[in-house]
Each structure stands twice: as structure tokens, then as C-alpha cells.
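Visitor:
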Amino acid sequence: MTTDSSNQLMPLSLSAPGVNLGAYISTVNQIPILTAEQEKELADRYYYDQDLDAAKLLVMSHLRFVVHIARSYAGYGLPQGDLIQEGNLGLMKAVKRFDPNMGVRLVSFAVHWIKAEIHEYVIRNWRIVKIATTKAQRKLFFNLRSLKKSSKKLTLEEAKAIARDLNVTAEQVIEMEGRLTAYDAAFEAQGDDDDDTPHTAPALYLEDSRYDPARLVEEEDYEQQSTAALHDAMDQLDDRSRNILQRRWLDDDKSTLHELAAEYNVSAERIRQLEKNAMEKIKTAMSAS
317 MTTDSSNQLM PLSLSAPGVN LGAYISTVNQ IPILTAEQEK ELADRYYYDQ
367 DLDAAKLLVM SHLRFVVHIA RSYAGYGLPQ GDLIQEGNLG LMKAVKRFDP
417 NMGVRLVSFA VHWIKAEIHE YVIRNWRIVK IATTKAQRKL FFNLRSLKKS
467 SKKLTLEEAK AIARDLNVTA EQVIEMEGRL TAYDAAFEAQ GDDDDDTPHT
517 APALYLEDSR YDPARLVEEE DYEQQSTAAL HDAMDQLDDR SRNILQRRWL
567 DDDKSTLHEL AAEYNVSAER IRQLEKNAME KIKTAMSAS
């Protein structure tokens with residue numbers, strides 16, 4: 317341990333919570349809690365003088381609070397160390413934005429930032445498919461399980477009651493319940509030598525119609541008909557219009573409006589008009605064929 321001007325004992329080193337969670341929690345619980353006067357002094361030093369040592373002391377003295385909050389998210393099946401790490405990021409953001417003149421303790425101000433970072437981490441990692449994107453969905457995601465009175469499927473009346481409590485619609489409650497009770501499935505079947513075991517992986521039953529013979533024949537016929545219709549429509553144009561379209565759209569080395577204008581001794585705007593008129597004639601002829 318080491319002592320600074322605020323007389324707070326701080327650990328010389330602190331490993332990440334994911335390395336040795338037990339040792340990390342034991343260490344942060346030994347860091348003394350700041351008094352209101354000590355916190356105000358450190359907050360002033362960082363707010364007015366950008367004293368990074370003061371900011372570090374503010375963060376270190378509140379790490380135990382992050383652990384306490386992170387434990388309430390244990391039911392999502394995510395690593396506790398990762399939850400704490402994300403909460404620590406929120407704590408650092410709170411310290412950076414904390415104004416000591418607001419008249420509140422840092423812990424009251426920081427709780428929003430800590431929970432916000434943990435919420436983002438949970439939503440990003442709880443499922444392969446993102447489960448909550450809107451404000452209402454996030455509210456339901458973090459509150460629905462605790463508001464359900466049993467593990468059974470919600471009745472319409474129960475959904476309406478929860479909707480009133482959270483100021484959302486019953487339809488949103490029912491939709492989120494479905495999302496929470498769904499599960500991720502591997503796209504390909506798991507390795508299993510037991511032929512009697514039914515395989516339900518999507519890769520086994522999702523249809524790939526890219527190589528369906530009927531579809532390939534249909535696409536080839538459509539392409540041939542479209543090509544023939546285009547040639548017939550081009551033949552109905554006058555020589556100048558046909559040449560303009562050919563050189564503007566079909567040739568590999570396409571001509572610009574100014575190059576064609578110089579060749580026909582007209583303005584570039586006139587070439588653009590001829591091109592537009594020719595395109596409209598082509599569309600009309602092809603739609604009629």
C-alpha cells in the first residue's frame with residue numbers, strides 16, 4: 317500500500333478483474349471509502365486543475381461500488397469479471413463528467429454511467445442476435461424477468477399489468493417475452509455419430525434456391541427475352557439516337573456528352589436531351605414487347 321496527500325491507502329498494483337476475480341474483489345474492498353470532505357477535495361482538484369492523480373483516487377475508492385452493481389447482473393450468464401470491467405469504464409466516464417458543485421456525492425452521480433455501460437455489454441453479448449434496440453425494449457429486457465410472477469408464459473392480463481408499470485404496450489411485453497425465451501442455435505449441425513438423433517440445424521433444412529434448375533431456366537429465358545427486346549427497341553431509333561446510346565451506355569470505352577457534342581456540332585445539353593428521349597423510347601418499346 318502507498319499513502320498520498322489525502323491520507324488514503326491505495327494498492328500499489330491492481331490486476332484486471334478477469335485475471336483473478338477473487339483477489340481483485342478482496343483488494344478493492346480494502347480500499348477505504350472517502351469521506352464527503354475528501355471526495356470534495358479530490359473532485360475540486362480534478363475539475364479545476366485536471367489533476368489526474370485526484371481522478372485516479374476517486375475511481376479507485378469507488379471500485380467496490382462497481383462490484384456491488386455488477387453482481388446484480390449475474391443472472392445473464394456473462395462473466396462477472398467482464399461485467400465489472402464494463403462498469404469500471406462507466407465509473408471513469410462519471411468521474412470525468414462529475415461537477416463537485418452539483419451538491420451530490422459521486423456515487424449517486426456515477427450509478428447511471430456504471431449501469432449504462434453494463435447494460436450495453438449485456439445487450440451486445442447475451443445473444444448472437446441483438447435482442448433490444450429501442451428504449452422500450454431495453455426497459456423490458458432488464459425488468460421483465462423480475463416482474464413475472466412465475467416461469468409460465470404470461471397471460472394477456474399479466475402482460476397488460478406489466479405494460480402499465482413500465483409505460484409500454486402489452487404487445488411489446490409479449491414480444492420481449494418471446495425473445496427472452498428463445499435460444500440461439502448453431503447454423504450447422506453439431507458433430508454426432510448417432511444417426512438416430514434428429515438434426516434440426518438450419519443448414520439442414522433451409523432451402524438454397526440459387527441452383528434450382530427451374531429458376532435457372534427461368535432466369536436465362538428472361539435474360540434472353542430482355543436482350544432481344546433491347547435490340548428490337550434500339551432498331552426503332554434513328555441513327556443518331558442509337559449511336560448516342562451505344563456510345564454512352566453500351567461501349568466499353570464510353571463517350572462523354574462533350575465528346576459527342578463536338579462530333580455532332582451541337583451543345584452538350586442537346587446531347588443530354590437526345591439521350592433522355594432515346595431512353596424513354598427504349599423503355600416504352602420494351603414494356604410493350
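The opening position of the sequence shown corresponds to residue 317 in my numbering, with each subsequent residue numbered one higher. Each residue gets a CB set at the ideal place from its N, CA and C atoms; glycine is no exception.
In terms of alpha-carbon separation, which member of N404, R413 and I598 lies closest to A544?
Guide: By 1-based counting over the sequence shown, the position of residue 544 is 228. Nearest C-alpha to A544: I598.
Visitor: Helix or strand or just coil, what does DSSP make of N581?
Guide: By 1-based counting over the sequence shown, the position of residue 581 is 265. Coil.
Visitor: At what residues does the alpha helix (DSSP H) containing W296 begin and finish?
Guide: The structure shown does not extend to residue 296, since the chain is modelled only from 317 through 605, so no value can be given for it.
Visitor: Assuming L546 contacts M602 (C-beta within less than 8 Å), just tell me the rounded distance between them.
Guide: Along the sequence shown, one-based indexing puts residue 546 at 230. Along the sequence shown, one-based indexing puts residue 602 at 286. Yes, L546 and M602 are in contact; Cβ-Cβ is about 7 Å, under 8 Å.
Visitor: Report all residues from its chain with a CB closer than 7 Å to the CB of D415; omit the five preceding and five following residues, and keep chain order.
Guide: Within the sequence shown, numbered from 1, the residue matching residue 415 stands at position 99. Cβ neighbours of D415 beyond the five flanking positions: Y363.
Visitor: Helix, strand or coil: which one does DSSP assign to V484?
Guide: Working through the sequence shown from its first residue, we reach residue 484 at position 168. V484: coil per DSSP, three-state reduction.
Visitor: What's the gap between the Cα of Y580 and the Cα of R586?
Guide: Position 264 of the sequence shown, counted from the first residue, corresponds to residue 580. Position 270 of the sequence shown, counted from the first residue, corresponds to residue 586. Y580 and R586: Cα-Cα distance of roughly 10 Å.
Visitor: Just to confirm, are A426 and H378 a CB contact at a threshold of 9 Å?
Guide: For the purposes of this step, residue 426 is identified with residue 110 of the sequence shown, where counting begins at 1. For the purposes of this step, residue 378 is identified with residue 62 of the sequence shown, where counting begins at 1. Yes; because the gap between Cβ atoms is below 9 Å, this pair is in contact.
Visitor: In chain order, what residues of the same chain have a beta carbon less than 6 Å from the beta carbon of A549, not counting five sequence neighbours either side?
Guide: Taking the first residue of the sequence shown as position 1, residue 549 is located at position 233. Excluding residues within five positions, the ones whose Cβ falls inside 6 Å are I598, A601 and M602.
Visitor: Closest to L337 by C-alpha separation, out of V375, D481, N593 and L399, would be which residue?
Guide: Within the sequence shown, residue 337 is the residue found at index 21, counting from 1. With distances taken between Cα atoms, L337 lies closest to L399.
Visitor: Hey, out of A370, V533, D568 and I560, whose CA is closest to R588's CA?
Guide: Residue 588 sits at position 272 when you count from the first residue of the sequence shown. Here the closest residue by C-alpha is I560.
Visitor: Just to confirm before moving on: does the CB-CB distance between I434 and G403 stay below 9 Å?
Guide: Along the sequence shown, one-based indexing puts residue 434 at 118. Along the sequence shown, one-based indexing puts residue 403 at 87. Cβ atoms of I434 and G403: closer than 9 Å.
Visitor: At which residue ranges does the segment 324–371 contain complete alpha helix (DSSP H) runs of 4 or more residues, listed in the order of the chain?
Guide: Counting only runs of 4 or more, we get 337–345 and 352–365.
Visitor: Within the same chain, show all residues whose beta-carbon is closer than 8 Å to that of E539, passing over the 5 residues directly before and after it, in chain order.
Guide: Within the sequence shown, residue 539 is the residue found at index 223, counting from 1. Excluding sequence neighbours, E539 sits near nothing in its chain.
Visitor: Just to confirm, is the Cβ distance from R421 to E355 under 9 Å?
Guide: Here residue 421 refers to the residue found at position 105 of the sequence shown. Here residue 355 refers to the residue found at position 39 of the sequence shown. Result yes, Cβ atoms of R421 and E355 sit closer than 9 Å.
Visitor: Please work out which residues of its chain come closer than 6 Å, Cβ to Cβ, to R380, disregarding the five sequence neighbours upstream and downstream, and give them in chain order.
Guide: Here residue 380 refers to the residue found at position 64 when the sequence shown is read from its first residue. The residues are V344 and N345.
Visitor: Straight-line CA distance for K469 to A475?
Guide: Numbered from its first residue, the sequence shown carries residue 469 at position 153. Numbered from its first residue, the sequence shown carries residue 475 at position 159. Cα to Cα, the separation comes out at about 10 Å.
Visitor: Could you give the first and the last residue of the continuous alpha helix (DSSP H) run that contains N559?
Guide: Translated into the one-based positions of the sequence shown, residue 559 becomes position 243. Residues D555 to L561.
Visitor: Mapping the DSSP letters down to three states, classify L472 as helix, strand or coil.
Guide: Start at 1 with the first residue of the sequence shown, and residue 472 comes out as number 156. Here L472 sits in helix by DSSP.
Visitor: Output the distance between the C-alpha atoms of I490 and Y392, rounded to the nearest integer angstrom.
Guide: Working through the sequence shown from its first residue, we reach residue 490 at position 174. Working through the sequence shown from its first residue, we reach residue 392 at position 76. I490 and Y392: Cα-Cα distance of roughly 20 Å.
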